[in-house]
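Report on the structure given below.
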Amino acid sequence: MDTIASLFSFITTPVSWVIVQFHSVYGKIFGPDTGWAWGLSIVSLVILIRICLIPLFVKQIKATRAMQTLQPEMKKIQERYKSDKQRQSEEMMKLYKESGTNPLSSCLPILAQSPFFFALYHVLNGIATGKTIGVIDDQLLESARKAHIVGAPLAAKFTDSADKVASLGATLTDVRVVTAIMIIMMSASQFFTQRQLMTKNVDTTVKTPFMQQQKMLMYVFPVMFAVFGINFPVGVLVYWLTTNVWTMGQQMFVIRRNPTPGSKAQAAFLERLQKQITHTKKVRGRGNTNIIKAIVAKGRDRNEFERKFINGLTKAGLAAQADGTVVESDTTVLTETEDGTPGGQGAPKRQQPKRQSKSKRQTATTQAAGATKADVSSETKPSLEKTAAEPEDASPKTKPAGDTTKQGNQPGAGQRSRAKSGQQRKGQQRPKHPSSKK
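The sequence shown stops at residue 543 when you use the working numbering, and every number in between is there.
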């Protein structure tokens with residue numbers, strides 16, 4: 106570790122200068138030789154560094170989500186060229202170039218933070234060995250060696266011997282208890298940070314090797330922190346615990362405000378946003394406006410949670426617009442169907458016809474059959490009009506047995522007419538009259 110820290114000695118002076126400036130402020134409040142003054146100086150250094158790294162953190166989020174999107178294509182390339190590793194690498198690089206994704210972007214915050222971490226380790230190691238380093242002179246060196254955090258010297262380690270700890274004015278038990286608690290807290294915060302990323306902010310609709318790798322890292326990273334933590338001075342443990350807590354809080358904020366599409370966090374976020382918009386009838390905040398704008402622009406490509414969000418607004422009498430705002434639905438508003446396609450401007454919603462009862466359907470069928478019979482009779486036999494008008498006045502004795510007029514008035518004739526016109530009702534039929542048989 107000393108060799109690695111010496112490689113970053115070029116940044117040791119700036120880091121020591123920042124610590125001294127914060128110490129001069131906190132020393133006036135808590136006293137220059139207290140652990141509060143030196144401990145808060147290290148915490149303030151972490152906060153300052155992490156604020157400067159926020160743009161890189163945003164790039165890390167975008168790169169991670171882009172990598173999740175590319176996982177299905179990457180899997181296809183691996184299966185297609187599994188026997189040709191060179192062609193596989195070429196196709197992977199081509200995919201990264203076409204999508205504008207850089208796999209190293211997800212590691213930018215850690216890579217950018219590592220020089221400060223090793224520089225701080227170099228400073229604290231110099232304090233432990235009694236060497237001035239950077240802008241820390243003999244007076245500041247003596248003050249830092251007297252500083253204790255809950256009984257543990259700032260430069261003490263878990264693996265230090267009892268004599269070395271005694272030279273720093275502490276006991277081996279105090280040092281190991283404090284460092285053990287800090288190592289456990291550091292590992293637990295790392296585990297919780299990775300776990301909330303995997304359980305809440307991962308697209309559950311895509312099962313890729315990337316998810317398996319993240320699950321593995323969820324258990325590997327805490328173990329690594331525990332193993333390496335026993336060789337860190339107390340001041341470095343303060344630094345690393347603070348940066349883990351900052352990362353955990355920062356990630357919780359991002360998951361709540363800008364979750365990954367298709368994740369459980371997005372479902373919870375859209376549910377909260379829908380309730381807020383339904384209550385206030387408007388969208389508040391630029392971030393919410395941009396999210397709604399992106400959802401509207403997706404159209405048919407929306408996931409299950411986004412379609413549910415749009416449908417919820419529609420049921421509440423609201424319609425999401427392309428600019429990220431919402432308006433009350435009316436005949437002039439461009440509405441959208443459940444599948445995400447526009448329903449047309451001013452187009453009323455198509456309603457299904459009401460279902461009729463069985464008696465009404467039978468009555469309508471009988472009326473249609475009667476109308477068909479009348480049409481057929483008027484076209485083929487005009488003389489039936491007079492006969493149909495006076496069916497009871499005609500005497501059976503004056504009509505020939507083969508007269509078609511009488512035959513048309515017989516019970517069987519109506520059924521035959523309806524059978525020809527295709528309007529015959531289903532069900533039991535009456536028997537034909539004997540006179541209709543030839």
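From the three backbone atoms N, C-alpha and C, an ideal C-beta is built for every residue, glycine too.
Remember, it's a predicted structure, so these values are computed and weren't measured experimentally.
Asked	Found
Can you find the residues in the same chain that come closer than 7 Å, C-beta to C-beta, to I397, ignoring five residues on each side of it along the sequence?	V388, A425 and G429
Tell me whether P258 sits in a helix, a strand or coil according to DSSP, three-state version.	strand
Please go through the stretch 257–289 and give each complete beta strand (DSSP E) segment of 3 or more residues, from N-terminal end onward.	none
Could you give the C-beta distance for L229 and V341, rounded to a whole number, given that I count them as a contact under 8 Å?	6 Å
Applying the 10 Å Cβ sphere with the 16-neighbour rule, what's the burial state of N306?	buried
What would DSSP say about A293, mapped onto helix, strand or coil?	helix
Against chain C, with Cβ distances strictly below 7 Å, would D268 count as a contact?	The structure shown contains no chain C, having only a single protein chain.
For V341, which of helix, strand or coil comes out of DSSP?	helix
When the Cα atoms are used, what is the spatial distance from T139 to G231?	19 Å
Using only the alpha-carbon positions, how far apart do D279 and G256 sit?	6 Å
Could you tell me the distance, in whole angstroms, from the CA atom of M353 to the CA atom of I147?	18 Å
From the DSSP output, which residues share a beta bridge with L423?	E433
Going straight from the alpha carbon of C157 to that of D189, what length do you get?	43 Å
With P119 as the anchor, note down where its alpha helix (DSSP H) starts and where it stops.	T117 to F135
Using 10 angstroms around the beta-carbon of I154, count the other beta-carbons present and answer buried if the total reaches 16, otherwise exposed.	buried
Tell me the DSSP bridge mates of H253?	P258
With distances taken Cα to Cα, identify the nearest neighbour of P258 among E247, V270 and N207.	V270
Let's test the definition: count the other Cβ atoms within 10 Å of the Cβ of D265 and tell me whether it reaches 16, buried, or not, exposed.	buried
Taking the continuous alpha helix (DSSP H) assigned at G144, which residues delimit it?	G140 to C157
For the alpha helix (DSSP H) containing G392, name the first residue and the last one.	R391 to K403
Return the chain-ordered list of same chain residues with a C-beta closer than 8 Å to the C-beta of L423, the five sequence neighbours on each side being excluded.	I382, T383, K386, V431, V432, E433 and S434
T365 lies in the alpha helix (DSSP H); which residues open and close that run?	Premise fails: T365 is in no alpha helix (DSSP H) and is neither H nor E.
So A261 packs on A249, CB below 8 Å; how close in whole Å?	Their Cβ separation, rounded to whole angstroms, is 12 Å, which puts A261 and A249 out of contact at 8 Å.
If you count every other CB in all the chains shown that lies within 10 Å of the CB of Q324, and 16 or more means buried, which is it?	Checking the sequence shown, residue 324 turns out to be Tyr, not Gln. It counts as exposed.
Which of helix, strand or coil does DSSP assign to E441?	Residue confidence for E441 is low, a pLDDT of 47 falling below 50, so the modelled location carries little weight; the figure read from the coordinates is stated next. Strand.
With distances taken from CA atoms, which of I335, A252, N416 and A217 is nearest K164?	A217
Take F297 and list the residues in its own chain whose beta-carbon comes closer than 8 Å to its own, dropping the five residues that flank it on each side.	M353
On the DSSP letters alone, give me the boundaries of the alpha helix (DSSP H) that K387 sits inside.	That residue, K387, is in no alpha helix (DSSP H); it is neither H nor E in DSSP.
Measure the alpha-carbon distance for F330 versus A402 and round it to whole angstroms.	43 Å
Quick check on DSSP: helix, strand or coil for I238?	strand
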